[in-house]
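Asks:
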Amino acid sequence: MLFGTALTSLGAWVYLSLFHGNFWQKGPILDPKPMPAAAPDVAIVIPARDEAESIGACLTSLLEQDYDGKVSVILIDDESTDDTGDIARALPDPHGRLTVITGAKRPAGWSGKLWAVHQGEQEALTRIGPYGYVLLTDADIMHAPEHLASLVAKAREDDLDLVSEMVALNCESSAERFLVPAFVYFFAMLYPFSRIASERSRIAGAAGGTILLRRRALERIGGIKALRGALIDDCTLAAHIKRSGGRLYLGHSALAWSVRPYRGMKDVWHMIARTAYVQLRYSPALLLATIVGLAMIWLLPIGLALFGKGRERRIGLLTYLVSCLTFVPTLRRFGLPLWRAIPLPLVAAFYMAATIGSAIDHHRGVGVRWKNRSYTDETS
1 MLFGTALTSL
11 GAWVYLSLFH
21 GNFWQKGPIL
31 DPKPMPAAAP
41 DVAIVIPARD
51 EAESIGACLT
61 SLLEQDYDGK
71 VSVILIDDES
81 TDDTGDIARA
91 LPDPHGRLTV
101 ITGAKRPAGW
111 SGKLWAVHQG
121 EQEALTRIGP
131 YGYVLLTDAD
141 IMHAPEHLAS
151 LVAKAREDDL
161 DLVSEMVALN
171 CESSAERFLV
181 PAFVYFFAML
191 YPFSRIASER
201 SRIAGAAGGT
211 ILLRRRALER
221 IGGIKALRGA
231 LIDDCTLAAH
241 IKRSGGRLYL
251 GHSALAWSVR
261 PYRGMKDVWH
271 MIARTAYVQL
281 RYSPALLLAT
291 IVGLAMIWLL
301 PIGLALFGKG
311 RERRIGLLTY
321 LVSCLTFVPT
331 LRRFGLPLWR
341 AIPLPLVAAF
351 YMAATIGSAI
361 DHHRGVGVRW
371 KNRSYTDETS
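All residue numbers for the sequence shown refer to UniProt numbering, where the first residue is 1 and numbers rise by one.
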């Protein structure tokens, strides 16, 4: 029985390593690209709620984009209780690119962020022509001057409807070094970048920090209104675009980075628990299957390597080594020493516990909590 279970775990890792879209490899990186020959209009939409700490630097990086076409920067101040809106309005804007909108009260059936994005979308569509683009980004993201031009060049070169990037995340505190690289690794395991790009695959994904959308693709799905209640808005948007026949790209960014810190493990826990149970469609059965599956691929191998005997121990050790090796490219991307692959099963256990915590919050009626808002389901 134990021998068969050990072989199953090893077989799972053979599949993941060789036949799961090469999720663990370096992945595509969008390097700086030259300005498009005919630069189309772009409207940049930034929803912001209580982002006084980062909004000035974020908007400045967007207002200073080196782009030959028309650029409109639209900030939606989403009922902030701090100085987010005032800081934005006071910024130098020599090219007249910035518009600050005071967000209206969120109606029933909308998630807070998407309601803010929808208001920005309505303004954005008045600023761009029929062949223009909308860039969705967050208020804690910084952009290199050539970022916008590179995104548009990528979209036009490969005829893409959605170009998204996982921006570089903070990895300075001990909690970040321990947990954040695994977040990128686990995300790629769920959404292999190569399968997102493949028209033969049903997998669709995006990273909310950078999403460049072709206007026609956005209108084809009915706009942001089509996903108004979604709590995992980036991947839901990508799924709508792909189902409508759109072509997607998701990669790692060398030109944008997040300044949001995760100073302690509690901060990372909340980031995971916020939407983990949403990802499982609030299903106890899917939660149980997920926990069992994760235990099989993460906890069983190290358990066998440490406490097993004979062939079971050898298989467990081999499986554990394979899992560690798949984490090496991610560690190199973050510039971290390779020994940090050793505690990967412990990191996986942390993510499993946060997923269970997400389910407990939901069934206690707490729901998804973010920016002093709480959502108990996708349409509340």
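We put the CB at the ideal spot given by N, CA and C, even for glycine.
Bear in mind the structure is a predicted one, so any value in this text is a computation, not a measurement.
(1) Do S9 and A48 have their beta-carbon atoms positioned less than 8 angstroms apart in this structure?
(2) Less than 8 angstroms between the C-beta atoms of L248 and L136, yes or no?
(3) With respect to 7 angstroms, is the separation between the Cβ of H363 and the closest non-hydrogen atom of the ligand ADP below this value?
(4) Roughly how many whole angstroms lie between the Cα atoms of W24 and T326?
(5) With DSSP as the reference, label E165 as helix, strand or coil.
(6) Classify D158 as buried or exposed, calling it buried when 16 or more other Cβ atoms lie within 10 Å of its own Cβ.
(7) Can you tell which of F178, G120, E176 has its C-alpha closest to the C-alpha of I74?
(8) Just the Cα atoms here: how many angstroms apart are S380 and S61?
(9) What does M142 pair with, by DSSP beta-bridge criteria?
(10) Which residues in the same chain as G303 place their Cβ atom closer than 6 angstroms to its Cβ, once the five residues preceding and following it in sequence are excluded?
(11) State the Cα-Cα distance for the pair D234 and R127, rounded to the nearest angstrom.
(12) Let me confirm a value: Y358 is counted as buried when at least 16 other C-beta atoms fall within 10 Å, else exposed. Which label applies?
(13) DSSP three-state call for A39: helix, strand or coil?
(14) Decide if residue 407 is buried, meaning its Cβ has at least 16 other Cβ atoms within 10 Å, or exposed.
(15) With distances taken from CA atoms, which of I46, W115, R333, P301 is nearest residue 391?
(16) Pick helix, strand or coil for L227, following the three-state DSSP scheme.
(17) In terms of DSSP beta bridges, what is V73 paired with?
(18) Only counting the same chain, and skipping five residues up and downstream in sequence, which positions put a Cβ closer than 6 angstroms to that of P32?
(19) Rounded to whole angstroms, what's the CA-CA distance from I342 to G245? Just pull it up for me.
(20) In whole angstroms, give me the CA-to-CA distance for A273 and T355.
(21) Could you tell me how far apart the beta carbons of I87 and G129 are, in whole angstroms, since I believe they sit closer than 8 angstroms?
(22) Among the residues of its own chain, which have a CB less than 8 angstroms from the CB of R228, if the five just before and after it don't count?
(23) Does the distance from the CB of A204 to the CB of A226 come in under 8 angstroms?
(24) If the criterion is Cβ atoms closer than 8 angstroms, does the pair G27 and F183 meet it?
(25) Keeping to the same chain, check which residues put their C-beta closer than 8 angstroms to that of M189; ignore five residues upstream and five downstream.
(26) Cutting at 7 angstroms between CB atoms, please list the residues of its own chain near W352, excluding the five before and the five after it.
(27) Just the Cα atoms here: how many angstroms apart are R260 and L321?
(28) Does the Cβ-Cβ distance between P34 and R156 come in under 8 angstroms?
(29) Output the boundary residues of the alpha helix (DSSP H) element that contains I211.
(30) Could you tell me which residues DSSP pairs with H252 in its beta bridges?
(31) To the nearest angstrom, how far is it from the Cα of G223 to the Cα of A124?
(32) So which of D82, G69, F186 has the shortest CA-CA distance to G132?
(33) Quick test of your reading: L98 and L59, contact by CB under 8 angstroms. State the CB separation rounded to the nearest angstrom.
(34) Give me the residue from P181, L18, T5, A206 with the minimum Cα distance to L331.
Replies: According to the data block:
(1) No, Cβ-Cβ distance for A48 and S9 is not below 8 angstroms.
(2) No, the Cβ-Cβ distance between L248 and L136 is not below 8 angstroms.
(3) Although the ligand ADP was asked about, the structure shown includes no ligands whatsoever.
(4) CA-CA distance, W24 to T326, rounds to 5 angstroms.
(5) DSSP, reduced to helix, strand and coil, places E165 within a strand of the structure shown.
(6) It is exposed - the Cβ of D158 has fewer than 16 other Cβ atoms within 10 Å.
(7) If we check each option's Cα against that of I74, G120 comes out closest.
(8) Residue confidence for S380 is low, a pLDDT of 36 falling below 50, so the modelled location carries little weight; the figure read from the coordinates is stated next. Looking at the two C-alpha atoms, the distance is approximately 35 angstroms.
(9) Here M142 is bridged, per DSSP, to W257.
(10) Cβ within range, chain order: n/a, list empty.
(11) If you take the alpha carbons of D234 and R127, they lie about 23 angstroms apart.
(12) Checking the displayed sequence, the identity of residue 358 turns out to be Ser instead of Tyr. Per the 10 Å Cβ criterion, buried.
(13) Here A39 sits in coil by DSSP.
(14) With the chain running from 1 to 380 in the structure shown, residue 407 is simply not present.
(15) Within the shown structure, residues of the chain are numbered from 1 to 380, placing residue 391 beyond reach of any answer.
(16) Three-state DSSP puts L227 in a helix.
(17) DSSP lists I44, L98 as the bridge partner or partners of V73.
(18) Around P32, the same chain offers E146, S150 as residues with beta carbons nearer than 6 angstroms, after the five sequence neighbours per side are excluded.
(19) When the Cα atoms are used, I342 and G245 turn out to be separated by approximately 42 angstroms.
(20) Note on geometry: alpha-carbon atoms of A273 and T355 lie some 6 angstroms from one another.
(21) Between I87 and G129 the beta-carbon gap is near 31 angstroms, outside 8 angstroms, which marks them as no contact.
(22) Cβ within range, chain order: G109, W110, S111, L114, W115, H118.
(23) Against a cut-off of 8 angstroms, the Cβ pair of A226 and A204 comes out as no contact.
(24) For G27 and F183, no; Cβs fall outside 8 angstroms.
(25) Around M189: L16, H20, F23, W24.
(26) The identity of residue 352 in the sequence shown is Met, whereas the question assumes Trp. Contacts found: I291, L294.
(27) The straight-line gap from Cα to Cα measures roughly 33 angstroms.
(28) It is not a contact, given that the beta carbons lie outside the stated cut-off.
(29) I211: not part of any alpha helix (DSSP H); member of the beta strand (DSSP E) spanning 210-214, first to last residue.
(30) BP columns for H252 point to I29, M166.
(31) Each residue's alpha carbon lies about 12 angstroms from the other.
(32) Looking at the Cα atoms, G69 is the closest of the given residues.
(33) Their Cβ separation, rounded to whole angstroms, is 7 angstroms, which keeps L98 and L59 in contact under 8 angstroms.
(34) Nearest neighbour of L331 by Cα position, chosen from P181, L18, T5, A206, turns out to be P181.
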